[in-house]
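A.B. asks: Sharing a structure here in structure tokens format.
There are 2 protein chains.
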Amino acid sequence: MKIEVINTGSEILLGNTINTHLATLAKELFPLGFRIDRQATVPDGSAIGQALREALHRADGIIITGGLGPTSDDVTREIVAETIQAPLEFHNTVWQSIKDFFSKRNREVPENNRKQAFVPRGAEILQNSHGTAPGLWIRASWEGKEKLLILLPGPPRELLPMLTDELIPRLKAWGQRPPIIQATWSVIGMGESAVADQVEMFLKNLDNVEYGYCARNGQVDIRLISDEKTPIESAEKFFLETFGTRVFRSDGHPIESIVIRDAAIKQITIATAESCTGGLIAHRLTNIPGASNVFCGGWVAYSAAMKAGMLGIDPSLIEQEGVVSGAVASAMADAALRHAKADMAVATTGYAGPGGGTKQDPVGTCYIAWSVKGNKTDCERFLFPLDRESFKLRITQIALDGLRIRICSHTSIQQG
Amino acid sequence: MKIEVINTGSEILLGNTINTHLATLAKELFPLGFRIDRQATVPDGSAIGQALREALHRADGIIITGGLGPTSDDVTREIVAETIQAPLEFHNTVWQSIKDFFSKRNREVPENNRKQAFVPRGAEILQNSHGTAPGLWIRASWEGKEKLLILLPGPPRELLPMLTDELIPRLKAWGQRPPIIQATWSVIGMGESAVADQVEMFLKNLDNVEYGYCARNGQVDIRLISDEKTPIESAEKFFLETFGTRVFRSDGHPIESIVIRDAAIKQITIATAESCTGGLIAHRLTNIPGASNVFCGGWVAYSAAMKAGMLGIDPSLIEQEGVVSGAVASAMADAALRHAKADMAVATTGYAGPGGGTKQDPVGTCYIAWSVKGNKTDCERFLFPLDRESFKLRITQIALDGLRIRICSHTSIQQG
Numbered sequence: 017m018k019i020e021v022i023n024t025g026s027e028i029l030l031g032n033t034i035n036t037h038l039a040t041l042a043k044e045l046f047p048l049g050f051r052i053d054r055q056a057t058v059p060d061g062s063a064i065g066q067a068l069r070e071a072l073h074r075a076d077g078i079i080i081t082g083g084l085g086p087t088s089d090d091v092t093r094e095i096v097a098e099t100i101q102a103p104l105e106f107h108n109t110v111w112q113s114i115k116d117f118f119s120k121r122n123r124e125v126p127e128n129n130r131k132q133a134f135v136p137r138g139a140e141i142l143q144n145s146h147g148t149a150p151g152l153w154i155r156a157s158w159e160g161k162e163k164l165l166i167l168l169p170g171p172p173r174e175l176l177p178m179l180t181d182e183l184i185p186r187l188k189a190w191g192q193r194p195p196i197i198q199a200t201w202s203v204i205g206m207g208e209s210a211v212a213d214q215v216e217m218f219l220k221n222l223d224n225v226e227y228g229y230c231a232r233n234g235q236v237d238i239r240l241i242s243d244e245k246t247p248i249e250s251a252e253k254f255f256l257e258t259f260g261t262r263v264f265r266s267d268g269h270p271i272e273s274i275v276i277r278d279a280a281i282k283q284i285t286i287a288t289a290e291s292c293t294g295g296l297i298a299h300r301l302t303n304i305p306g307a308s309n310v311f312c313g314g315w316v317a318y319s320a321a322m323k324a325g326m327l328g329i330d331p332s333l334i335e336q337e338g339v340v341s342g343a344v345a346s347a348m349a350d351a352a353l354r355h356a357k358a359d360m361a362v363a364t365t366g367y368a369g370p371g372g373g374t375k376q377d378p379v380g381t382c383y384i385a386w387s388v389k390g391n392k393t394d395c396e397r398f399l400f401p402l403d404r405e406s407f408k409l410r411i412t413q414i415a416l417d418g419l420r421i422r423i424c425s426h427t428s429i430q431q432g
Numbered sequence: 017m018k019i020e021v022i023n024t025g026s027e028i029l030l031g032n033t034i035n036t037h038l039a040t041l042a043k044e045l046f047p048l049g050f051r052i053d054r055q056a057t058v059p060d061g062s063a064i065g066q067a068l069r070e071a072l073h074r075a076d077g078i079i080i081t082g083g084l085g086p087t088s089d090d091v092t093r094e095i096v097a098e099t100i101q102a103p104l105e106f107h108n109t110v111w112q113s114i115k116d117f118f119s120k121r122n123r124e125v126p127e128n129n130r131k132q133a134f135v136p137r138g139a140e141i142l143q144n145s146h147g148t149a150p151g152l153w154i155r156a157s158w159e160g161k162e163k164l165l166i167l168l169p170g171p172p173r174e175l176l177p178m179l180t181d182e183l184i185p186r187l188k189a190w191g192q193r194p195p196i197i198q199a200t201w202s203v204i205g206m207g208e209s210a211v212a213d214q215v216e217m218f219l220k221n222l223d224n225v226e227y228g229y230c231a232r233n234g235q236v237d238i239r240l241i242s243d244e245k246t247p248i249e250s251a252e253k254f255f256l257e258t259f260g261t262r263v264f265r266s267d268g269h270p271i272e273s274i275v276i277r278d279a280a281i282k283q284i285t286i287a288t289a290e291s292c293t294g295g296l297i298a299h300r301l302t303n304i305p306g307a308s309n310v311f312c313g314g315w316v317a318y319s320a321a322m323k324a325g326m327l328g329i330d331p332s333l334i335e336q337e338g339v340v341s342g343a344v345a346s347a348m349a350d351a352a353l354r355h356a357k358a359d360m361a362v363a364t365t366g367y368a369g370p371g372g373g374t375k376q377d378p379v380g381t382c383y384i385a386w387s388v389k390g391n392k393t394d395c396e397r398f399l400f401p402l403d404r405e406s407f408k409l410r411i412t413q414i415a416l417d418g419l420r421i422r423i424c425s426h427t428s429i430q431q432g
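Note that the protein sequences, when read in sequence, are chains A and B. Under the working numbering, the first residue of the first sequence is numbered 17, with each subsequent residue one higher. Under the working numbering, the first residue of the second sequence is numbered 17, with each subsequent residue one higher.
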């Protein structure tokens, strides 16, 4: 069962939009036993037809996203209808839902939304609860074989609920595949070669497993795919022996979700005091449902004045040690812990660049401090000469991983 | 001149990594007059060869990312060499840079990095200043035509500097295309149809322009491409007449960069007090170089206790009005303005879900308040029944756009 994805939209090929649909679809399809074999991005227009014909030749199921909107450059529906020779027909129920969508919002139906009520003959409707373009589920015959075509709207807020509520249940019924197990472990703060060096021989000798590595922003993922549990379990055992607390089972979840999950289990509360990361640690933590049980709050003390004003850091300490220093990072973490009455706090101060920096602490320098109630505050210095956003992301990776490791050993620390 | 991009990596097709390379490449290539015609993602392995042969048939230039690493699943170099029949040869200078890379970091060269020093015959080296895999610039003959193949490493921190420092200068020399102008305007808080309704007739009658719309997270982009200035200028005039201050020239820049730029020009400082957006406004503002001239700092007052504790909001106000209320949002904005001694402040409080919410303020409710020094504080209520991350993103869009509009009219407000 081969599945391909075609993402349409000139904005993707112009770099104005990052394609997140592929990842969304892949993650939802995998547990059903489907893997995406290939993906293509094509501009709005006739290229959609060419890509569709090629995919129909190779794959059994094709998912096309985008181009179902009301504007003149939305032509996916028309091109699919023409390619598979299923004429577009006006669909009364769809038209009624479009009219309802607007009337609920006390708005007139714009005339150009009418084209969204035209549907290729024989297509089934996937309801769009967050927009006007219906998704389409189409069985078509191509080169003598039955193919499945799925058309989904481009905006993520429309695609996501349609995927969960309409598409997944149909795909389940369409024929679930034998389950495959995918497991991912991650190590933050080590290079890809260094990680691979320690596990490659073991993995090479492991039977019935497909494995791979992926390095990104200071995190190395080791991914295993198998249809058996045994190799997955023995790999996990080996990774723990090799890396100790440095490795964690991530399974595609970001480090912040591991932090929230583990802290919630141990009823640990967390506060943040951020300078150079500018709120990104708080943002990442609050992306996770249930964050409110763990994360009390945080300070984004961007200017030196705010570090003194918000957090009550002694201005003479800032003066003496410099705003980017281990002493200030530690004082920030301690202040956050105290003011928020939290169990743990993490603080960052550094030079994100492109401006700033000193001779001994150039752009890319960062101090991260972790404060744990009843323990000595730890502080580490890092140098990441990266662009601004990568710098922020890299530091938050280490800051969050430091929280994870401290949460792991929390009981023993308190006893010690 | 047709250019295609092939992104390799099973992690992309498994949904573990979001492909940002396509957008990065597109944005850098466009000003040189190159547009990407098509893109494909293929898994590590032999599928790379198939996709490459197809692309060689259609395109003049092919950029391949990923699969140049030291691990066993990195096979792009080998497959390209085989496809274009250019045998791999050991390259001494490359091997020396790899050894230097490790010795600078006081590390031994792992044995598996040696394969990165093998290069297809005739290839030119693109230096990798942030990793060990060199990029490759290869001229090959295919079906009697000369083709250009560019191989880039997968990790963004390696690809990005190589693109800027090594690839762009070569592409410029390779043959700059006649310049094309791309311009994008954005409107936040209106639907795609509503925007299109007001501009479609105008754009349809505009000569020598390619146009398109893109809707995402509460923002509608109108994109124009032309090789003449005149239609771009008359469209801008028309958009300003039609939408007033609601429209802004974005040109692919996010709203936060417009806010930082405009505030810096008018020397306006900004503070934030966030509850349901959890630091995302601060994070977005601090992504922009020069943010430190505008953004003083922010509070992430996630729990009710922290709203009282951090910001000094009267607990009885929270008790009376509820933590998610216009009164609390306004008090938060006022407190942030006052504590940070800023010119403007924005505050958010709401129910991100999946838990929480009340009968009259269900999950998805949010209050946003804007406080401007010397003016009455404005507060608006919104209802966005979205998933957690989309909810946060949508609210920050409106919060930031509200800042942009207030910055626009700042002088007149102070005079009024």
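C-beta atoms are modelled at their ideal positions from N, C-alpha and C, and glycine is treated no differently. Source: prediction; values computed, not measured.
#1: Interface residues of chain A around Cys382(B) at Cβ under 8 Å?
#2: May I ask you to verify whether the region 379-393 of chain A touches the region 311-329 of chain A, counting CB pairs closer than 8 Å and requiring at least 3?
#3: Helix, strand or coil: which one does DSSP assign to Phe259(A)?
#4: Quick one: any contact between the region 209-225 of chain A and the region 165-179 of chain A, if contact means 3 or more CB pairs under 8 Å?
#5: Along the chain, where does the alpha helix (DSSP H) containing Pro177(B) start, and where does it finish?
#6: Would you call the CB atoms of Phe46(A) and Leu41(B) closer than 8 Å?
#7: With contact counted as at least three CB pairs below 8 Å, one residue from each stretch, are the region 56-72 of chain A and the region 102-109 of chain A in contact?
#8: So for Thr393(A), helix, strand or coil by DSSP?
#9: For Val125(B), does the three-state DSSP call read helix, strand or coil?
#10: Less than 8 Å between CB atoms is the rule here; does Tyr367(A) satisfy it with respect to chain B?
#11: Just reading off the alpha helix (DSSP H) that Asn108(A) is part of, what are its end residues?
#12: Taking the straight line between their C-alpha atoms, what separation do you get for Val310(B) and Glu252(B)?
#13: If you check the beta carbons only, do Lys408(B) and Thr302(B) fall under 8 Å apart?
#14: For my contact list, Cys424(B) and Asp278(B) are in at a C-beta cut-off of 8 Å; report their separation, rounded to the angstrom.
#15: For Gln413(B), collect the residues of the same chain with a Cβ closer than 7 Å to its Cβ; drop the 5 residues on either side in sequence, then sort them by chain order.
#16: Using Cβ-Cβ distances below 8 Å, what residues of the region 390-408 of chain B are close to chain A?
#17: Rounded to whole angstroms, what's the CA-CA distance from Ile429(B) to Ala358(A)? Just pull it up for me.
#18: Just to confirm before moving on: does the CB-CB distance between Thr148(A) and Ile114(A) stay below 8 Å?
#19: Whose Cβ in chain B lies nearer than 7 Å to the Cβ of Leu222(A)?
#20: Kindly indicate if chain A contains any beta-carbon less than 8 Å away from that of Met322(B).
#21: Three Cβ pairs or more, each shorter than 8 Å: is that satisfied between the region 70-84 of chain A and the region 18-28 of chain A?
#22: Straight-line CA distance for Thr381(A) to Arg410(A)?
#23: Examine the Cβ distances between the region 283-290 of chain A and the region 248-265 of chain A and report whether three or more of them are shorter than 8 Å.
#24: Drop a sphere of 10 angstroms on the beta-carbon of Lys245(A), count the other beta-carbons inside from all chains shown, and report buried for 16 or more, exposed for fewer.
#25: Is Ala280(A) close to chain B? Criterion is C-beta to C-beta, closer than 8 Å.
#26: By the criterion of Cβ-Cβ separation under 8 Å, what are the contact partners of Lys375(B) in chain A?
#27: Taking a contact to mean a Cβ-Cβ separation below 8 Å, would you say Arg397(B) touches Ala368(B) in this structure?
#28: Tell whether a beta-carbon distance below 8 Å holds between Val339(A) and Lys323(A).
#29: In or out: Asn23(B) buried (at least 16 other Cβ within 10 Å) or exposed?
#30: Which chain A residues sit within Cβ distance under 9 Å of Trp315(B)?
#31: Pick from Arg121(B), Leu419(B) and Asn144(B): whose alpha carbon is nearest that of Leu84(B)?
#32: Can you tell me the Cα-Cα spacing of Ser387(B) and Gln336(B), whole angstroms?
#33: My assumption, with CB atoms under 8 Å, is that Asn32(B) sits in contact with Arg239(A). Please give the rounded CB distance.
#34: Since I believe Arg420(A) is in contact with Met360(A) (beta carbons under 8 Å), could you give me their beta-carbon distance rounded to a whole number of angstroms?
#35: Beta-carbon separation of Val362(B) and Gly418(B) under 8 Å?
#36: Less than 7 Å between C-beta atoms, sequence neighbours within five positions excluded: which residues of the same chain meet that for Ser26(B)?
C.D. replies: In terms of the structure at hand:
#1: Residues of chain A passing the Cβ test: none, with the nearest at roughly 14 Å.
#2: no
#3: helix
#4: no
#5: Pro172 to Met178
#6: no
#7: no
#8: coil
#9: coil
#10: no
#11: Asn108 to Lys120
#12: 28 Å
#13: no
#14: 7 Å
#15: Ile204, Asn233, Gly234, Gln235 and Ile271
#16: Leu402, Asp403, Arg404, Glu405, Ser406 and Lys408
#17: For Ile429(B), the predicted model reports a pLDDT of 45, less than 50, meaning its position is unreliable; a value from the coordinates is still stated below. Cα-Cα distance, rounded: 42 Å.
#18: yes
#19: Near Leu222(A) there are no residues of chain B at all, since even the closest Cβ is about 13 Å away, more than 7 Å.
#20: yes
#21: yes
#22: 12 Å
#23: no
#24: exposed
#25: no
#26: Neighbours of Lys375(B) on chain A: none; closest Cβ ~19 Å, over 8 Å.
#27: no
#28: yes
#29: buried
#30: Gly313, Gly314, Trp315, Val316 and Met326
#31: Asn144(B)
#32: 22 Å
#33: 7 Å
#34: In fact, because the Cβ distance is near 11 Å, the residues do not count as touching under 8 Å.
#35: yes
#36: Pro59 and Asp60
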